[in-house]
Structure formats: C-alpha cells, structure tokens
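Everything below concerns the one structure shown next.
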Amino acid sequence: PDMLKILSRLPSRGLFRTSTVISLEIASKLPFSDHRPAALRSRKPKSSAKEVQFFVDAKRVRAIGGKGGDGCISFLQLWANDRAGPDGGDGGNGGHVIFQASSGVRDLQSVGSVVRGENGENGQNKDCHGKCADHTIIQVPLGTIFRDAKGSIVGDLGREGVMFIAARGGAGGKGNHFFVSDTIQAPRVCQYGAEGENLAYFAEVQSIAHIGLLGMPNAGKSTLLRAITRARPKVASYPFTTLKPHLGMVHYDDFVQIAIADLPGLIPGSHRNRGLGIQFLKHVERCSTLLFILDVSVEEPWRHFEQLQFELGQFNSALLKRTQIIVANKIDLPESGENLRLLRERVKVPILEISAKNGTNLNALLSKIREIYDEVTDKEAQAAGE
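Position one of the sequence shown corresponds to residue 882 (the working numbering), numbered consecutively onward.
Below you can see the structure in the form of structure tokens.
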C-alpha cells in the first residue's frame, strides 16, 4: 500500500508513462470523434506591395521547338596517316516544348507568351555527336486545354502529370562521316540542323476554383476574399473594381486547400455581352460551386438574386443546377435587418449572413464552404467510380 501511494504521486511524465494501448473491444465502445476541419488563419501579415496579382485563366502562347545542331565536316589526321578518312559527327536534336498538368499550379501567370525550346549542340570531330537538348517542360493547372489557330482542341490536360507536346524540336544534322559511300570516300558535305516547330495556341483553364463568388458590382466580393484568404484584390467604392478574377486559398487543419475565386461583377444583360459580358460568364462556368454575395443594405436585395439567376440561365441553364448558397453581406448596416427578413421570405436558397468588413460570422461561412466542398467532392468521386 505504501508503494502504491508513492507511485500515485509520481508525475505521468518522467520515470513512468501512461500506456495508450487499449484492446479492440474497448476501442469499439468509444464514441467517434466529432471534430470538424477548421480553417487556419495565418498570422503572417499580407504583403504591402501595391502591385495586384491577377488570376490568369486564358493566354495566347507561341511554342517554338529548339533547333537541331549542325553536322560537322572533319577529316581524321593520325601521326602515320594524315588522311584517315572523314570523322565529322552529327548534331544533337533540339528540345521539345511540353506542357504538363500539375495540381500545384493555379493559373497561367507563369507561362510566357513565347516559349522556346533549347537548341541541340553541333557535331564535333573524331565522330563526336552533339548533345541532344533537354526538353522544356512548363507546368500548367489541371484542366487546361489548348486550341490551335482553327479553334480545335488539340490538348486536354485533365489529369495529374499528363503532357502535351506543343512544339517538337528539330532533328540534328548529319556530319560528313554519314555520307561516306563506295564511290565517295572523302565527302565534303554535311547537314544543317532542322528548325523546330513554331506553333501558336490559345491556352484556357477549364476549372479555375472550387468556389466562385458571384454578385452585383459593389456587393463586397473582394472584401470577403481579402477577409478569408491572403489574396489582395483591389477594393474601392465604385463599381467594376474587379475586372479580372482573383484567386485565394483557404487552408484547413487537415491539410485540405480550397480555391475561392472573386469574379467580376454581373449586370443585367451580361448574356448579351453587356458589361464584361460573355467573358465574365465563362469564368462562372469554371467554378463548381457558386456563392451569391448580396448586399442586404440596399432595397429589395432579392431582386439582385433574381437578376443573377436570370443571367446565368440565359447563358447556360446547367449553371442553375450547381450548388448555390446566398451570402447576405453588410449586416452591420442598420437598414439590413428588415431587408434580410424579407429576403428569407422570398428566396428558398440557404442564406448565411455575414459582415465581411467587420469579420462577423466568417468562421461559420468557412465551415459551410468546407461542408459544400466535401459534398461536391464525394459526388464527383461517386460519378467517377460509376
């Protein structure tokens, strides 16, 4: 008994450690964990640079393959035979220009307008062939497609690691040793290396984000993206502040990352190419889930939702079948209370109220975003299995 009293006073760390090994029977009776992934909020301050990084989802690219190396004209000279025959080596092949799909790349910003392959080395004497150039591999986002000058799809990079050879390198030229024959023992001729292919493409990212922020101008989409991610879209009090998509990443504690896109504002008649028009609606088409950001401080905010739905339906009715959530923004303003109540009466879509400027209810929004993401991911996995 005295020894048990002494052992009970010892700390769990140090000389003795408590065991975490339990039997399978006991483990089966324990309750399941109800922990839900939580969004991580970075303490690192955002960059103070004034330059805004835009999301580039479409780009014209010219791919130029590397030139092949030239063949060599040379004759071998030995100490006992100064005419030992031709020994000119062949040139090396030029490098290809290859685009590869990668999940670690989000847009086409790092892709140059002109991509050149490396040139092959020239042949040397003593039958030394030139080195073939390494291929130039450019990583692009998953879902990137390439169209030729006629508009036909020639490359579809929908899976991780898939490659598209955009321009082949030129073949290396032959040295004079290659042209030796029974009748010509000392040829003084060689080949120049061939030029690589020179082709133009239009690259386009099919899917730019998991979540798209959709709304009228000045609804607070850019403010919301700045509040929940480290993105730095321009924020101002005039309409059409956002002219190009901005992308932000939300990180969760189970290492899942969700891409959220701030899309340019929509106005009535966009399906007829008013405002940013068709270009904007194509951005919407590339988001798997839509969050409708409504300014509930204005009169009749449900009218904005109806206009957004109408424009989407006129452009592509399939967009109306995607997962939709209404985010009622600017609830900190006094006139938003009554408008929010009327909005709930007239709209059947789930509504989540926030204040992007003050940070009100953002954690609930991030939890809802993760819930939607998991549901969409499960549906896509089931569809792929079928």
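Glycine included, each C-beta is placed from N, C-alpha and C at the ideal position.
Under 6 Å Cβ to Cβ from residue i, same chain only, skipping five residues before and after it: list those, please.
| i | result |
| --- | --- |
| Gly1051 | Lys948, Gly949, Gly975, Gly1074, Ala1075, Glu1076 and Gly1077 |
| His1016 | Gly976, His977 and Ile979 |
| Gln1072 | Gly952, Gly1054 and Lys1055 |
| Ala944 | Val978, Val996, Ala1047, Ala1048 and Leu1080 |
| Gly1036 | Phe1027 and Phe1045 |
| Asn1154 | Only weak support is given to the placement of Asn1154: the predicted model assigns it a pLDDT of 46, under 50, and the value that follows is read from those uncertain coordinates. Excluding residues within five positions, none has a Cβ falling inside 6 Å. |
| Phe1060 | Pro1068 and Val1070 |
| Lys1012 | Gly973 and Glu1002 |
| Gln1066 | none |
Starting from residue i and walking both ways along the beta strand (DSSP E), at which residues does that stretch end?
| i | result |
| --- | --- |
| Arg943 | Ala939 to Ile945 |
| Ser1103 | Run containing Ser1103: none in the beta strand (DSSP E); it sits in the alpha helix (DSSP H), Lys1102 to Ile1109. |
| Gln1190 | Premise fails: Gln1190 lies in the alpha helix (DSSP H), Pro1182 to Phe1196, not in any beta strand (DSSP E). |
| Thr1204 | Thr1204 to Asn1210 |
| Leu1171 | Cys1168 to Asp1176 |
| Ile1092 | Ala1090 to Gly1096 |
| Glu1076 | From DSSP, Glu1076 is part of no beta strand (DSSP E); its letter is neither H nor E. |
| Phe1060 | That residue, Phe1060, is in no beta strand (DSSP E); it is neither H nor E in DSSP. |
| His1127 | His1127 to His1132 |
| Phe980 | Val978 to Ser983 |
| Pro1022 | Thr1017 to Pro1022 |
| Ile1235 | Per DSSP, Ile1235 belongs to no beta strand (DSSP E) and is neither H nor E. |
| Thr1025 | Thr1025 to Arg1028 |
Do residue j and residue i have their beta-carbon atoms positioned less than 9 Å apart in this structure?
| i | j | result |
| --- | --- | --- |
| Val1131 | Ile1250 | yes |
| Phe1083 | Arg1028 | yes |
| Leu1175 | Leu1214 | no |
| Met1097 | Leu1201 | no |
| Phe1173 | Leu1095 | yes |
| Asn1220 | Val1179 | yes |
| Ile1206 | Pro1231 | yes |
| Val1177 | Glu1226 | no |
| Gly993 | Val942 | yes |
| Gly1042 | Gly1024 | no |
Exposed or buried, residue i, counting other C-beta atoms within 10 Å across all chains shown (16 or more means buried)?
| i | result |
| --- | --- |
| Ser893 | The pLDDT assigned to Ser893 is 45, lower than 50, so where the model puts this residue is not dependable; a value taken from the coordinates is nonetheless given after this. It counts as exposed. |
| Glu1261 | exposed |
| Thr899 | Its pLDDT being 41, under 50, Thr899 is placed unreliably by the model, and the measurement read from it follows with that caveat. With fewer than 16 other Cβ atoms within 10 Å, it is exposed. |
| Lys1031 | exposed |
| Ala1209 | buried |
| Pro1018 | Residue identity check: residue 1018 is Ile in the sequence provided, not Pro. The residue is exposed, with fewer than 16 neighbouring Cβ atoms inside 10 Å. |
| Thr1064 | exposed |
| Asp1259 | exposed |
| Ala1245 | exposed |
| Ser1033 | exposed |
| Asp1143 | buried |
| Lys1229 | exposed |
| Gly946 | buried |
| Arg1107 | buried |
| Ala961 | exposed |
By Cβ distance, which residues of its chain are closer than 8 Å to residue i, with the 5 residues on each side in sequence left out?
| i | result |
| --- | --- |
| Gln958 | Arg964 and Ala965 |
| Thr1204 | Ser1169, Thr1170, Leu1171, Ile1253, Glu1256 and Val1257 |
| Asp1008 | Asp968, Gly969, Gly970, Gly1056 and His1058 |
| Ile1139 | His1091, Ile1092, Met1130, Val1131, Tyr1133, Ile1250, Arg1251 and Tyr1254 |
| Ala1264 | none |
| Asp988 | Phe936, Val937, Asp938, Pro1022, Val1086, Ile1089 and Leu1128 |
Hey, quick one: how far does the alpha helix (DSSP H) through residue i stretch, first residue to last?
| i | result |
| --- | --- |
| Ser1274 | This structure leaves residue 1274 out entirely; the chain is present only between 882 and 1267. |
| Arg1225 | Ser1217 to Arg1227 |
Identify, in the order they occur along the chain, each residue of the same chain with its Cβ nearer than 7 Å to the Cβ of residue i, setting aside the five sequence neighbours on each side.
| i | result |
| --- | --- |
| Tyr1133 | Pro918, Ala919, Ala920, Leu921 and Arg1251 |
| Leu1247 | Ala920, Ile1109 and Val1131 |
| His1010 | Gly970, Asp971, Gly973 and Gly1004 |
Does the contact criterion of 3 or more C-beta pairs under 8 Å hold for the region 1004-1014 versus the region 963-974? Taking a cut-off of 8 Å for Cβ pairs, the region 1004-1014 and the region 963-974 touch, as three or more such pairs fall below it.
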